[in-house]
Amino acid sequence: MPEEKTKLEPCGCCSKLVEVAEDVNREDVYCTDCMGDPKAKSTKDRLGWAGRQFFEARFPIVRNALSKEAHKQKWDKMTYEKKVAFIGKMIEQGAMI
Ligand SMILES: [Zn+2]
107 MPEEKTKLEP
117 CGCCSKLVEV
127 AEDVNREDVY
137 CTDCMGDPKA
147 KSTKDRLGWA
157 GRQFFEARFP
167 IVRNALSKEA
177 HKQKWDKMTY
187 EKKVAFIGKM
197 IEQGAMI
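Going left to right, the sequence shown walks through residues 107 to 203 as this note's numbering numbers them.
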């Protein structure tokens, strides 16, 4: 098996060095801490830092948009995963950016 050639590139977000395949020419390289690891078990790790900022910034926006107190309480009881899925769906449907 030929050895895969890799090079180290600094993460565009935190500057941590990331190992990338040498033949891959991407403009921006991000580490899994920042942009997430699709293979991670937890939602937070999958999202990475940038993903978490993206969704967490929208948590209070959604909460404020809920008109009924009962709905706000329901939102507060939702798990992190459910909130992320909910916001993901809103974005998909164009109700949120
Ligand atoms: Zn990073």
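No residue lacks a Cβ here, since even glycine has one placed at the ideal position from N, Cα and C.
Could you check if D151 belongs to the surroundings of ligand 1, using beta carbon to heavy atom distance under 6 angstroms? Taking the sequence shown and counting its residues from 1, one reaches residue 151 at position 45. For ligand 1, not one heavy atom lies less than 6 angstroms from the Cβ of D151.
If you follow the beta strand (DSSP E) that L114 is in, where does it begin and where does it stop? What you label residue 114 is simply residue 8 of the sequence shown in a count that begins at 1. Taken as a continuous stretch (DSSP letters only), the beta strand (DSSP E) holding L114 covers 112 to 116.
State yes or no: is the C-beta of D139 nearer than 6 angstroms to some heavy atom of ligand 1? The residue given as residue 139 occupies position 33 in the sequence shown. Yes; taking the cut-off as 6 angstroms, the Cβ of D139 has a heavy atom of ligand 1 nearer than that.
Where are the beta strand (DSSP E) runs, 3 residues long or more, that stay fully inside the stretch 117 to 162, in chain order? 123 to 127
With G142 and R132 assumed to form a contact (beta carbons below 8 angstroms), what rounded beta-carbon distance in angstroms separates them? Numbered from 1 along the sequence shown, position 36 holds the residue referred to as residue 142. Numbered from 1 along the sequence shown, position 26 holds the residue referred to as residue 132. That belief does not hold up - the Cβ atoms of G142 and R132 are roughly 16 angstroms apart, past 8 angstroms.
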